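Here the protein sequences line up with chains G and X, keeping their order.
Numbers 106 to 424, taken from our numbering, label the letters of the first sequence in order.
Numbers 2 to 224, taken from our numbering, label the letters of the second sequence in order.
Here a beta-carbon is modelled for each residue, glycine too, at the ideal position from N, C-alpha and C.
Just so you know, these numbers come straight off a predicted model, no measurement behind them.
This report refers to the structure that appears directly beneath it.
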Amino acid sequence: MILSPEILTIYILDGLFIVFATVAFFLSISIIKSWDYNATTQLQYSLEKRSYLASTIIKYMFFIKLPFFLFFIFTLEKISLILPGAMCGAGVVNANEYATILLFLKLINLYLFAYWIVLDTEDMKYEEQPYLKQKFIIFTVMFLFLIVEISLEYKTFYSIDINNVVDCCGTIFSLTDNTYLSKILSLPPWILLSLFYFNFLLLVISALYRYSYSFATLNLLFILISLLSLISYFGTYIYELPTHHCPFCLLQYEYNYMGYFLYTILFIGTFNGLVIGFIKFDKQEVILKYKVSLLLNFIYLVVVTLYPLLYYFKNGVLL
Amino acid sequence: MIKLINVSKIYDKNVIALNNINLKFKEGETIILKGVSGSGKSTILSLIAGLVKPTTGSVLIDKKKISKIPDHFASSFRQEHIGFIFQKYNLINNLSVEENILLPLLPLNLKKIEHQKRVQEVLELFNIEEKRFALVKNLSGGQQQRCAIARANINNPKIILADEPTANLDEKLSLEFIEILKNLKSQQKTIIIATHDPLFFELDFVDRIIQVKNGEIIYDIES
């Protein structure tokens, strides 16, 4: 078990999350059970007040969760300094069976919370609050995810043994392993690159024709393909090392913290694209979302593409 | 048209301010809500203004359920349709008359020239132009009252609510205030005044007097 100041901070914040999320959860349950917009009863007026309280709690949780996720990544990086064998956060994530699931769950929760905020903003635009019940039903699911996330977080840090030697990222993201990830990553680069650029082309076409569902689905694919192509191909140009395929080392000082920039624009870009498939926005809003999503995904594409290009211009060869 | 339907308001779980009242006010009417302190008059005004929500029942203004809409919609509605004159004026002492009057316009993002035009109009209408740049804390009670009325009218609302408007004024200033009300009445505004000042009970332009006691309507007569 490790108990560094960062982990203690995470535990304290997790405790606060549990308290506030539980309050919001019970408020949500009472709203889901008895909400009737047209009623003028004491219960309904009280539910309206409770809905404000629950919404405020959830919003505050999201705005804390956002930097908290970056802090979590920073903590993994920090722990990697004392964990034998680990060269970056990847070693910590691979130190036990919980951390990988935790990382994915954290990402899913981040998308869910962001979706909730957009839904709430949309709901508050109308006097009748058309999404009110829906948003609190979604929160009850998010609450369960959050509790699992916090439990996993506790388990992850609790079960890290600093006397055990862990694998470094070079081993974890080795292309010669027999894992599914290795098999995907060891595909010839042109396959992933074609998928990556073709996916973006389809995004542009969907945006031009305003195909909201396909735009959302393609954004989901864009997250996966972008990450895979980053690990398999583009990352090697950021590291300037053909055997280095780690998605965590990008977050280090040596690489100008480029990972924070890339992951952030990828998150905001794909998120704006995803919500179009789930919420009926007004015309102006939906156009804005298309633009933001395309612009940020395009910036991501340009930045990662520049690395191999610059490398080629500098050295006259590709890796 | 303002309607209160089966409205009750209970504060702190057991203080009954209003007990299942029903009221209807027509457009352009001037109504006096009469009653001792704590009878529920101010609560009626706050409910109509959407400042508080009822415990049960509903409040409608021109078919809009003001008691049902979320707070930020109630604020916008109030901004457009309701002018509120408070007993203690609720002015900001360290701001000038003009700055106080301008406050309700700030969220509307109007051009400066429009601000100036509207301020000029109400300053002239309520005879406080010469104090335009004076700090509110340096004004007399009557001048503060006129400033509060000017602020309540800057958006040209069709409903004016006044809560004990003459409680801090002497008889002369109260009569001045009544003249202002008469002027507003002539502009077809709906005026609802909560007061226990006897000066209001004999006025010729008042359409109805409603007696409120212990959160209930005792009588509602046309005058």
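Within chain X, the residues Thr57 have their CB atoms less than 7 angstroms from the CB of Thr146/G, given in chain order.
The Cβ neighbour count for Ile32/X, taken over all protein chains shown within 10 Å, is at least 16; the residue is labelled buried. Against chain X, a Cβ distance below 9 angstroms from Gln389/G picks out nothing, because the smallest value is about 18 angstroms. When only Cα atoms are considered, Ile255/G and Thr341/G end up about 33 angstroms apart. Counted as a single uninterrupted DSSP element, the stretch harbouring Gly58/X is not any alpha helix (DSSP H) but the beta strand (DSSP E) occupying residues 57-62.
Here DSSP, grouped into helix, strand and coil, assigns Asp164/X to strand. In chain order, Gly382 place their CB closer than 8 angstroms to the CB of Thr322/G, counting only its own chain and leaving out the 5 sequence neighbours on each side.
Inter-segment contact for the stretch 80-87 of chain X and the stretch 139-155 of chain X is present: three or more beta-carbon pairs are separated by less than 8 angstroms. Counting along the chain, Leu182/X sits inside the alpha helix (DSSP H) bounded by residues 172-187. Contact with chain G is absent for Lys64/X, since none of that chain's Cβ atoms lies less than 8 angstroms from the residue's Cβ. By the Cβ rule, the stretch 275-286 of chain G does not count as touching the stretch 111-127 of chain G, because fewer than three pairs are nearer than 8 angstroms.
Within the DSSP secondary-structure output, Tyr220/X pairs in a beta bridge with Gln212/X. Within the stretch 124-159 of chain X, no complete beta strand (DSSP E) segment of 3 residues or longer occurs. Judged by DSSP in its simplified three-state form, Val223/G adopts helix. Between Tyr236/G and Ile45/X, the alpha-carbon positions lie close to 31 angstroms from each other. Contact annotation, Ile370/G with Tyr412/G: C-beta distance approximately 15 angstroms; criterion of less than 8 angstroms not satisfied.
For the beta strand (DSSP E) assignment, the uninterrupted runs of no fewer than 3 residues enclosed by the stretch 28-113 of chain X are, from N- to C-terminal side, 31-35, 57-62, 83-86.
Taking 8 angstroms as the upper bound on Cβ-Cβ separation, chain X lies near residues Gln234 of the stretch 234-245 of chain G. Scanning its chain for C-beta atoms nearer than 6 angstroms, with the 5 sequence neighbours on each side dropped, one finds no residue around Leu332/G. Pairing Phe202/X with Ile210/X gives a Cβ-Cβ distance under 8 angstroms.
Contacts with chain G at 8 angstroms (Cβ-Cβ) include Phe74/X.
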